[in-house]
Each structure stands twice: as C-alpha cells, then as structure tokens.
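What follows is one structure encoded as structure tokens, with my remarks underneath.
Numbering (the working numbering), first residue to last: 1107 to 1388.
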C-alpha cells in the first residue's frame, strides 16, 4: 500500500506543470529621480533666448537644476549646475553682464541629505557643456563621465567657444565613455541619453521610463521656457538652427509616442512641479 502511494505521488510530481518563473522586474520599477537646486540666473534682458525678438528687453529668471537618478545598477548625476563655488561668495551670488548668478544651497549638502557621497556617483553626464551645466563636474572624479565625443571636441577648441568654461573640465580625471549615438545607461531602456544637437553640436536630453510617472524627458537646453517649446522659439546663440528644429521634432515625436512628460530644466514652473527635494519621482 505504501509503495503504491509513493508511486502515485511520484507520477503526479512528474506530470505536474513546472512552476512559472518569477516575472522580471520591469524597467523603471525601482528607478528614482531627484531634482536638486543647483542655482538660478536672473537676466535683465532675455532677448537672446529667441531669435525672433520675442523676449527682447524682457527680464526673467532661469533655474539651474541638477538631477540624480538612482537605478538598481548604479547612480547617475545629470548636469552639475553653476557650481558650489558661487555659494561661497558674499550673498551666495555674483553679478556679471546684466545677469545675477545665485547658488543658495550647495549640491554636496543636498546629496548628503539623502546619504550620497561624491564617490557614490557611478556616472555623470551633461546635457551639454555650457558653463552653467558643468560647474560642479570636478567634484566627481571617481564617476565615469558619459560624454558626447562631438560635444567634448567642440568645447575643447581654441579659442574656447562661449559660454564654455574650459577650467570646469580640462583637468577632469574621470574615466570616459565617449558617446556617439544614443546611449542606454543601464542596459534596460529605463535611462537613455539621446542626441538632440543644435543648441550645441553634441547636445542631449535624458529620457526616463518610471514605474508610476511613466516617460519623462529632461530637456537640457533644448528648450529654456514653455513658450520656447510651444512656439518653437530658438535662442540666437544656438550653433545650428536646422539641427535645433530637427531635435524639436524628435522630442515631440517621443513625447507623443510615449505619452510622456517634458521637464524643461530651466523653467521655474517645471522645476517647482517636481517633488520637492528630498522627495523624488518614481
């Protein structure tokens, strides 16, 4: 009797369906996006941000955020702001040529609030190499620098193109990954650095696939304001107008395809609409 029961049990186990494999964690399921305050610039005249004179004579303020992306495979810092050195100046500000540059809180102090040290940053990437995006780059020498090769070549030219500050990066010792086309940072499609030239030769935007927020695109300087985006206005100092318009089209198509959210990095309202630090978007 006992042998019969064992035989029956063995037969049932042999024909029982194999247990289904656990589903893979979907891209973005553990992804977090933190928006950090890396300064602001007050302009007496915003005219240069549209080559159709739309903003001529109008004052305005642009914010200078940095973004921290936490992924199960590592941490990415996107853009590094005006630079903590300005915070050390009287009033945490300096003035120059009709603009006031303000850094009320340091990037390092914000990272410390969420337990991130400079050596914890695995990757640093810049939307482009204008000075207001490279100010704190030298603070992360242990990170791998994901750099557009076209952008680096342009920014390293002699004479230095305005408004690039070569001192921010020329002695930066970090290992480099030279990006040519689009770059999938963690290999699962959840964090992609996409080529959108025009503002500078190697300008890029960051596309994130988040579990709850869905697709989010961080604009870099492809747009500086909502009206730049809505009206297709192009700064007079962009290096290539045709490339800018093509990049506008690409981002619009991506937003439509993914039903995505565009975060215009410099626009105060877009920055304010993100979860207040140390909160995060996921």
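Idealized CB from N, CA, C, for every residue including glycine.
Quick one, are the C-beta atoms of residue i and residue j less than 8 Å apart?
i, j, result
"residue 1289", "residue 1320", "no"
"residue 1389", "residue 1183", "Lying outside 1107 to 1388, the shown extent of the chain, residue 1389 is not represented and no answer is given."
"residue 1104", "residue 1370", "Residue 1104 cannot be examined here, being either before or after the span of the chain that is shown, 1107 to 1388."
"residue 1317", "residue 1254", "no"
"residue 1086", "residue 1158", "Since the displayed the chain opens at 1107 and closes at 1388, residue 1086 lies outside it and no answer follows."
"residue 1161", "residue 1141", "no"
"residue 1302", "residue 1345", "no"
"residue 1219", "residue 1386", "no"
"residue 1250", "residue 1280", "yes"
"residue 1222", "residue 1314", "no"
"residue 1211", "residue 1237", "no"
"residue 1147", "residue 1181", "no"
"residue 1283", "residue 1324", "no"
Would residue i be called buried (16 or more neighbouring beta carbons within 10 Å of its own) or exposed?
i, result
"residue 1170", "buried"
"residue 1375", "exposed"
"residue 1296", "buried"
"residue 1128", "Here residue 1128 scores only 34 on pLDDT, less than 50, and its place in the model is too uncertain to base an answer on."
"residue 1287", "exposed"
"residue 1277", "exposed"
"residue 1202", "exposed"
"residue 1382", "exposed"
"residue 1336", "exposed"
"residue 1358", "exposed"
Under three-state DSSP, which class holds residue i?
i, result
"residue 1362", "helix"
"residue 1239", "helix"
"residue 1129", "Annotation note: pLDDT 35 at residue 1129 (below 50); position unreliable, coordinate value reported separately. Coil at residue 1129, not helix or strand."
"residue 1220", "coil"
"residue 1265", "coil"
"residue 1260", "helix"
"residue 1285", "strand"
"residue 1292", "coil"
Within its chain, find whatever has a CB closer than 6 Å to the CB of residue i; leave out the 5 residues flanking it on each side and keep chain order.
i, result
"residue 1245", "1224"
"residue 1150", "1165, 1204"
"residue 1260", "1307"
"residue 1304", "1344, 1346, 1349, 1350, 1353"
"residue 1367", "1322"
"residue 1360", "none"
"residue 1248", "1225"
"residue 1152", "1161, 1164, 1166"
Please list, in chain order, all residues of the same chain as residue i whose beta carbon is under 8 Å from its beta carbon, the five residues on each side excluded.
i, result
"residue 1186", "1144, 1172, 1213, 1230, 1232, 1239, 1240, 1241, 1242, 1243, 1245, 1246"
"residue 1199", "1192, 1206, 1207, 1208, 1209"
"residue 1266", "1272"
Using a Cβ-Cβ cutoff of less than 7 Å, which residues in the same chain neighbour residue i once the five nearest sequence positions on both sides are dropped?
i, result
"residue 1178", "1136"
Threshold first: 3 residues or longer. Then list the beta strand (DSSP E) segments lying entirely within the segment 1182-1233, N to C. 1199-1202, 1205-1208, 1229-1231
Could you pull out every unbroken beta strand (DSSP E) segment of at least 3 residues lying fully inside the segment 1289-1338, listed in chain order? 1297-1301, 1310-1316, 1320-1324
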